[in-house]
Amino acid sequence: MYDSQSSQRLLRQASWLSFWIGVVMLAIKSAAWYLTQSSAILSDAAESVVHVAAVAFVVYSLRLSQKPPDEDHPYGHAKISFFSAGFEGGLISIAGVFIFYQAVHQWTSGTEPQRLGMGSVLTAFALLINGWLGWHLLRLGKKGGSLILEANGNHVLTDAWTSIGVLVGLGLTWATGWMGFDPICAMLVALNILWSGVRLMWQSASGLMDRADPAVQVAIIARLDAATEKHGVTWHQMRHRHLGDGHWVDFHLVFDDETTVRDAHEIATDFEREVRDEMGPATIVTTHLEPIEDHARIHGHPPGEMPLVDPGEGHHPD
Ligand SMILES: [Zn+2]
Ligand SMILES: [Zn+2]
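Taking the working numbering, I'd label the letters of the sequence shown as residues 3 to 320.
In structure tokens, the structure reads:
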């Protein structure tokens, strides 16, 4: 199931798998660089060093994010996901800058790559493994609602693209004999790495700043409107934030003055269930219940003119 113990264990195992494959990749890419002296392969190997550090943090963060809420952290620990994605993005970006610098340096110093065949075989092997691993992590992360694994999957896929860039560079060098292809491909690879690093950091900052994801917003509003159809009760002032695993959603519900607290509570619970069904069980939904008659007086504004996300007027129960 979605958030059961065994699914959490599956995610943790995947993070360890990613870590150990990262270590093996570092060894393979270092060997390939030693054999070929190719600057594209060196860039790949350099990325592997920060890669292992980043995935070590992924393993730690995932473990922490699954810790249940406690007295110190009553909202749970899943927000570490955004630190993890940001840390990973930061390290990748540093690697990208280093690789670019290295490529320029090797080109101007005129180092020529050797034993291209052996280097290509090792790089192709790394490509296959990373391609599979990235796909696997992305799929598990999306299914298990873990931003940490999803970010790591994107990172590993970037590394697979890196290997493709390296292979193209080696192939062109081999076919044409022109040594410039190797550093040029290394630079392209560096730019791609930098881009994915910046994207991860952006994702991290958006999460920490509780940026409202438009796709999430549309999905929640659709469910709330469906519940309004069902119960004839309007909603307004909906807010939502990403917790790292699930979401936190809160909104107001407006009832007839005659509705009993018991009925209002039952309907509110159904609204909450609708949203949780949409967003997954890790999602927390809170509602604020109010009577239609006094609503404007108490809040100082009519129900149709709410300051925050509002479906508009016309849903008033008659
Ligand atoms: Zn990497
Ligand atoms: Zn209100």
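All residues carry an ideal CB built from backbone N, CA and C; glycine is no exception. Quick caveat: nothing in here was measured; it's all calculated off a predicted structure.
Cα-Cα separation, residue i to residue j
i      : j      : result
Tyr4   : Phe59  : With a pLDDT of only 45 at Tyr4, under 50, the local geometry of the prediction cannot be trusted, and the value read off the model is given with reservation. Looking at the two C-alpha atoms, the distance is approximately 24 Å.
Gly199 : Ser86  : 12 Å
Ser8   : Arg14  : 10 Å
Asp72  : Ile82  : 15 Å
His138 : Gly155 : 7 Å
His242 : Arg201 : 22 Å
Gly147 : Thr113 : 46 Å
Leu193 : Val54  : 20 Å
Ser63  : Gly246 : 11 Å
Thr289 : His254 : 6 Å
Glu315 : Val256 : With a pLDDT of 42 at Glu315, under the threshold of 50, the modelled position of that residue is not reliable, and no figure is offered here.
His249 : Pro293 : 27 Å
Trp22  : Phe273 : 44 Å
Arg264 : His233 : 14 Å
Val277 : Trp204 : 27 Å
Leu44  : Val61  : 26 Å
Ser95  : His297 : 51 Å
Leu118 : Trp134 : 24 Å
Glu260 : Ala270 : 16 Å
Trp197 : Leu291 : 46 Å
Leu169 : Val57  : 24 Å
Ile222 : Met240 : 9 Å
Ser20  : Val251 : 32 Å
Trp2   : Asp227 : Because the chain spans 3 through 320 in this model, residue 2 falls outside it and cannot be assessed.
His267 : Ala224 : 21 Å
Gly88  : Ala207 : 7 Å
Asp46  : Val287 : 45 Å
Phe100 : Val158 : 18 Å
Glu90  : Val51  : 12 Å
Gln219 : Lys145 : 20 Å
Asp74  : His244 : 20 Å
Val34  : Thr125 : This sequence places Ala at residue 34; Val is not what is there. Taking the straight line from one Cα to the other gives about 8 Å.
Gly167 : Leu149 : 27 Å
Met211 : Val123 : 44 Å
Phe84  : Gly209 : 6 Å
Leu140 : Ala153 : 8 Å
Gly214 : Gly24  : Note that residue 214 corresponds to Ala in the displayed sequence, not to Gly. About 33 Å.
Ser32  : Glu280 : 46 Å
Gln10  : Gln116 : 46 Å
Pro216 : Trp176 : 48 Å
Thr178 : Leu12  : 47 Å
Bridge partner(s) assigned by DSSP for residue i
i      : result
Pro2   : Absent from the model: residue 2. The displayed extent of the chain is 3 to 320, so no value can be given.
Trp197 : Note: Trp197 sits in no beta bridge, so no partner.
Phe253 : Thr289
Arg1   : In this structure the chain extends from 3 to 320, so residue 1 is not present and cannot be described.
Thr236 : Val256
Other residues of its chain near residue i: CB distance less than 6 Å, five sequence neighbours each side excluded
i      : result
Leu174 : Phe183
Leu142 : Ala16, Leu151
Gly171 : Ala42, Phe183, Asp184, Cys187
Met120 : Leu37
Thr285 : Gly248, His249, Arg278
His79  : Leu66, Ser67, Lys69
Ala162 : Leu129, Asn132, Gly133, Gly136
Tyr103 : none
Trp109 : Pro185
Met27  : Ser50, Ala128
Close Cβ partners of residue i (< 8 Å) along its chain, the five nearest in sequence each way excluded
i      : result
Phe127 : Ile30
Val106 : Pro185, Met189
Trp180 : Leu174
Proximal residues to residue i (C-beta, below 7 Å), its chain only, five neighbours per side dropped
i      : result
Ile195 : Glu49, Ile94, Ala97, Gly98, Ile101, Thr160, Thr164
Residue i: CB within 7 Å of a non-hydrogen atom of ligand 3
i      : result
Glu295 : The ligand content of the structure shown is limited to ligand 1 and ligand 2, which means ligand 3 is not among them.
Below-8 Å beta-carbon distance, residue i vs any chain B residue
i     : result
Ser40 : In the structure shown, chain B does not exist; there is a single protein chain.
request  = Tell me the start and end of each unbroken alpha helix (DSSP H) in the stretch 261-294 that is at least 4 residues and wholly inside, in chain order.
outcome  = 263-281
ask   = Fully enclosed by the stretch 169-221, which alpha helix (DSSP H) runs are 4 residues long or longer?
value = 183-210
key: Distance cut 6 Å, beta-carbon to ligand 1 heavy atom: residue list by chain order   = Glu49, His53, His157, Asp161
task = Mind listing, in chain order, the continuous alpha helix (DSSP H) runs of no fewer than 4 residues lying wholly within the stretch 43-126?
result = 82-111
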